[in-house]
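Enquirer: This is the structure I have questions about; it appears just below.
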Amino acid sequence: MNIIKLTKVRLIIGVVVLLTLIIASNYLNFRVNDSVSNVIEYKNTVNNDGITFEEFNKLKKQYSDIDLTCYSEVKTKVTNKYDVSPSRYNNFADKKIKTKMILTDENYFRLYPFQIITGGKLDFLSVNNNDKVVVISDVLANALFKSNNVIGSTLKINNDKYRIVGVYKENNSFLYSMSDDGYEKVYIPYTAYRSQDISKLFLNVLTARQNPKHDKKDINSKLTKVLGDKLSEYNLVDYSMLKGILFQNVKILYFVIGLFVIACLIKIMIMFIKEAKTFFVDKMKSDYLKDVLINNKIKISIYLGKVLICIVLIVFVFNLIKFNVVIDKKYLPSENIFDIEFYKEVIVSNIQLNNANENGFRNIYDRYLTTINHVESFILVAELILIINILINYKFFRILKNKFKN
653 MNIIKLTKVR LIIGVVVLLT LIIASNYLNF RVNDSVSNVI EYKNTVNNDG ITFEEFNKLK
713 KQYSDIDLTC YSEVKTKVTN KYDVSPSRYN NFADKKIKTK MILTDENYFR LYPFQIITGG
773 KLDFLSVNNN DKVVVISDVL ANALFKSNNV IGSTLKINND KYRIVGVYKE NNSFLYSMSD
833 DGYEKVYIPY TAYRSQDISK LFLNVLTARQ NPKHDKKDIN SKLTKVLGDK LSEYNLVDYS
893 MLKGILFQNV KILYFVIGLF VIACLIKIMI MFIKEAKTFF VDKMKSDYLK DVLINNKIKI
953 SIYLGKVLIC IVLIVFVFNL IKFNVVIDKK YLPSENIFDI EFYKEVIVSN IQLNNANENG
1013 FRNIYDRYLT TINHVESFIL VAELILIINI LINYKFFRIL KNKFKN
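Structural data, given as structure tokens:
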């Protein structure tokens, strides 16, 4: 009897762990959807060339019906008006906070997810008028001013004075923080930045959002018309597609579970059909088929109803679990899907791009998606192993139960 109890406990633990992992996967997907926008980014692959802010201005004027933004990161020194540098105190030391200045425009805060807790965002007038205004994080606000109520306060960036107009809530979730570069970000209008090297400052990232009028292909075509070969120096990243690929991990699990449910329903349906067959064979020993049908309408209706319910449930479950597989087009051969040489070339090409650091400027969003993808892939493998383990334990449990019952 002890082995039955042990198997039962193992079965319960397996189910609980599986449900926990399913909840964790769905939570991670929710966090990704909340933290990463459905935008396309053009990431600079070179350090000493690219699109200038002046060229970006031309894009905005020419294609005002397309949501566009851009940014360039610059490491900088930030202090309050008393020249006090920010620091983060922990149990070990008083650690200086590193800062980066993000040169951008008013559309940045519309295309990327930000939770403003006090004040506002960069707006059209502040960008158009070259206003020295800045949006900072709650972490930096507390480090410099010991409060989030800092709207109107002065912030020194490279000895230039900026007025704080907004404070945003920093995403402190474990995986998001793990994907960060450790720098606090301050956001200023690119028009307010003054430097002798401003003409040599190129966009790290050019961002666009698709809409019903303009899809990715159309946006790419329009940008190429204005920017020409310069756009080829930027690597295109479609976050809608990347998120779709990531979300497939959970969908694959649901598909596997759904197939198992369908298999069980088919097994039950076959059992009902066999029962109906036995019933007909038994009745037809003494009656003709016509008499059997007339005299057993209710019984036959019940059998038909059971089979019909199984068919409806099978169709319902299949429609529930089916999904469109999302694959990046660069991984699909144009002709033969079994072209092994093509896949080898793609794998080698990707490795070479990584080795040469030519995948483009890396920001927190692609690092975050990469981290989540690794975690969810691990969870998916663990879930599949657990499902196999649960099925084995369940079968073993039934065998033991029947054995001891007999």
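In this note's numbering, the protein residues as written are 653 to 1058. Where a beta carbon is used, it is the ideal one built from N, C-alpha and C, also for glycine.
Roughly how many whole angstroms lie between the Cα atoms of L879 and K710?
Expert: Within the sequence shown, residue 879 is the residue found at index 227, counting from 1. Within the sequence shown, residue 710 is the residue found at index 58, counting from 1. Cα-Cα distance, rounded: 9 Å.
Enquirer: Taking buried to mean at least 16 other C-beta atoms within 10 Å of its own C-beta, is A1034 buried or exposed?
Expert: In the sequence shown, counting from the first residue as 1, residue 1034 sits at position 382. A1034 is exposed by the Cβ-count criterion.
Enquirer: In whole angstroms, give me the CA-to-CA distance for I1051 and K660.
Expert: The residue given as residue 1051 occupies position 399 in the sequence shown. The residue given as residue 660 occupies position 8 in the sequence shown. If I take the Cα positions, the gap works out to 12 Å.
Enquirer: Are the Cβ atoms of Y842 and K695 separated by less than 8 Å?
Expert: Translated into positions along the sequence shown, residue 842 becomes position 190. Translated into positions along the sequence shown, residue 695 becomes position 43. Contact: no.
Enquirer: Considering just the uninterrupted stretch of the alpha helix (DSSP H) at D686, what are its terminal residues?
Expert: Reading the sequence shown from its first residue, position 34 is the one you call residue 686. Residues N654 to S687.
Enquirer: What whole-angstrom Cβ distance do I749 and E822 have, given they're in contact under 8 Å?
Expert: On the sequence shown, position 97 is the one that residue 749 refers to. On the sequence shown, position 170 is the one that residue 822 refers to. Rounded, the Cβ-Cβ distance is 12 Å, inconsistent with contact.
Enquirer: Which first and last residues belong to the beta strand (DSSP E) in which R1014 is found?
Expert: Locating residue 1014 in the sequence shown gives position 362, counting from the first residue. Looking at the DSSP string, R1014 is not in any beta strand (DSSP E), and its letter there is neither H nor E.
Enquirer: Please state if the CB of D775 and the CB of E758 are separated by a distance shorter than 8 Å.
Expert: Taking the first residue of the sequence shown as 1, we reach residue 758 at position 106. Taking the first residue of the sequence shown as 1, we reach residue 775 at position 123. In this structure, D775 lies closer than 8 Å to E758 by Cβ.
Enquirer: Using a Cβ-Cβ cutoff of less than 6 Å, which residues in the same chain neighbour V1027 once the five nearest sequence positions on both sides are dropped?
Expert: Along the sequence shown, one-based indexing puts residue 1027 at 375. Closer than 6 Å at the Cβ level, and outside the excluded window around V1027, lies no residue.
Enquirer: Quick one: what's got a C-beta closer than 8 Å to I1048's C-beta in the same chain, skipping five residues either side?
Expert: Residue numbering aside, residue 1048 sits at position 396 when the sequence shown is read from its first letter. The question names Ile, yet the displayed sequence has Phe at residue 1048. So the list reads T659, once near-sequence residues are dropped.
Enquirer: Going by Cα to Cα distance, which pick from N811, D719 and F932 is closest to V736?
Expert: As a working mapping, residue 736 is identified with position 84 in the sequence shown. Checked all of N811, D719 and F932; the closest Cα to V736 is N811.
Enquirer: Give the C-beta separation of Y647 and V787 to the nearest angstrom, bearing in mind that I take them to be a contact with Cβ-Cβ under 8 Å.
Expert: Past the boundaries of the shown model lies residue 647; the chain is included only from 653 to 1058, so the question cannot be answered.
Enquirer: Give me the Cα-Cα distance between L755 and K808, rounded to the nearest whole angstrom.
Expert: Numbered from its first residue, the sequence shown carries residue 755 at position 103. Numbered from its first residue, the sequence shown carries residue 808 at position 156. Between L755 and K808, the C-alpha separation is close to 15 Å.
Enquirer: Based on Cα-Cα distance, which residue from I665, F932 and N700 lies nearest to F1013?
Expert: Within the sequence shown, the letter at position 361 stands for residue 1013. Ranking the options by Cα distance to F1013, first place goes to N700.
Enquirer: Exposed or buried, N743, counting other C-beta atoms within 10 Å across all chains shown (16 or more means buried)?
Expert: Within the sequence shown, numbered from 1, the residue matching residue 743 stands at position 91. Residue placement at N743 cannot be trusted, given a pLDDT of 48 that sits under 50; the coordinates are not used to answer.
Enquirer: I'd like to know whether the C-beta of L663 is nearer than 8 Å to at least one C-beta of chain C.
Expert: Looking for chain C here will not work: only one protein chain is present.
Enquirer: My output table needs one value for S799: the three-state DSSP class, helix, strand or coil.
Expert: Along the sequence shown, one-based indexing puts residue 799 at 147. Three-state result, S799: coil.
Enquirer: Using three-state DSSP, classify D812 as helix, strand or coil.
Expert: Within the sequence shown, numbered from 1, the residue matching residue 812 stands at position 160. Residue state, collapsed to three classes: strand.
Enquirer: Output yes or no for whether 8 Å exceeds the beta carbon distance between L855 and F708.
Expert: To locate residue 855, count along the sequence shown from 1; it is residue 203. To locate residue 708, count along the sequence shown from 1; it is residue 56. Contact flag set, yes.
Enquirer: Which residue comes first and which comes last in the beta strand (DSSP E) that contains M753?
Expert: Walking along the sequence shown from the start, residue 753 turns up at place 101. That run of the beta strand (DSSP E) goes K750 to T756.
Enquirer: Given a cut-off of 8 Å on the beta-carbon distance, is the pair G834 and K773 in contact?
Expert: For the purposes of this step, residue 834 is taken as residue 182 along the sequence shown, with counting starting at 1. For the purposes of this step, residue 773 is taken as residue 121 along the sequence shown, with counting starting at 1. No. Outside cutoff.
Enquirer: What runs of the beta strand (DSSP E), each 3 residues or longer, lie entirely inside the segment 762 to 787?
Expert: List check, beta strand (DSSP E) in window: 768 to 771.
Enquirer: Pull up the distance between the alpha-carbon of S892 and that of I769, whole angstroms please.
Expert: One-based indexing of the sequence shown puts residue 892 at position 240. One-based indexing of the sequence shown puts residue 769 at position 117. When rounded, the distance between both Cα atoms is 27 Å.
Enquirer: If you drop the 5 nearest sequence neighbours on each side, which residues of the same chain put their C-beta closer than 7 Å to that of D1018?
Expert: Here residue 1018 is taken as the residue at index 366 of the sequence shown, counted from 1. So the list reads V889, once near-sequence residues are dropped.
Enquirer: Quick one, which of K852, K869 and L853 has its alpha-carbon nearest A860's?
Expert: Residue mapping note: residue 860 aligns to position 208 of the sequence shown, counting from 1. Comparing Cα positions, the closest option is K869.
Enquirer: Count the other C-beta atoms from every protein chain shown that fall within 10 angstroms of the C-beta of D927, then say buried if there are 16 or more, exposed otherwise.
Expert: By 1-based counting over the sequence shown, the position of residue 927 is 275. The question names Asp, but residue 927 is Glu in the sequence shown. E927 comes out exposed.
Enquirer: If you reduce the DSSP assignment to three classes, tell me which class V838 lands in.
Expert: Position 186 of the sequence shown, counting from 1, holds the residue named residue 838. Note: V838 maps to strand in three-state DSSP.
Enquirer: What is the rounded straight-line gap between the Cα of L858 and the Cα of K752?
Expert: For the purposes of this step, residue 858 is identified with residue 206 of the sequence shown, where counting begins at 1. For the purposes of this step, residue 752 is identified with residue 100 of the sequence shown, where counting begins at 1. Taking the straight line from one Cα to the other gives about 18 Å.
Enquirer: Looking at the structure shown, is D593 part of a helix, part of a strand, or coil, going by DSSP?
Expert: In the structure as shown, the chain starts at 653 and stops at 1058, and residue 593 therefore has no counterpart that could be examined.
Enquirer: Buried or exposed for P864, going by 16 or more other Cβ atoms inside 10 Å?
Expert: Within the sequence shown, residue 864 is the residue found at index 212, counting from 1. P864 should be labelled exposed.
Enquirer: Determine the direct distance from the alpha carbon of A676 to that of L1038, and round the result to whole angstroms.
Expert: Counted from its first residue, the sequence shown places residue 1038 at position 386. Counted from its first residue, the sequence shown places residue 676 at position 24. Straight-line Cα distance between these residues: approximately 15 Å.
Enquirer: Ordered along the chain, which non-local residues of its own chain (more than five positions away) have a Cβ less than 6 Å from that of Y764?
Expert: Numbered from 1 along the sequence shown, position 112 holds the residue referred to as residue 764. The residues are S689.
Enquirer: Go through its chain and collect everything with a Cβ distance to Y820's Cβ below 8 Å, but skip five positions before and after it.
Expert: For the purposes of this step, residue 820 is identified with residue 168 of the sequence shown, where counting begins at 1. Contacts found: F766, Q767, I768, I769, V787, I788, S789 and D790.
Enquirer: Under 8 Å between the Cβ atoms of L827 and T1023?
Expert: The residue given as residue 827 occupies position 175 in the sequence shown. The residue given as residue 1023 occupies position 371 in the sequence shown. Their beta carbons are under 8 Å apart, which means L827 touches T1023 by this criterion.
Enquirer: Quick check on K882: buried or exposed, where buried means 16 or more other Cβ atoms within 10 Å of its Cβ?
Expert: Along the sequence shown, one-based indexing puts residue 882 at 230. Looking at its Cβ environment, which holds 16 or more other Cβ atoms inside 10 Å, K882 is buried.
Enquirer: Contact between the segment 949 to 963 and the segment 917 to 924: three or more CB pairs below 8 Å?
Expert: With the cut-off at 8 Å, the segment 949 to 963 and the segment 917 to 924 touch.
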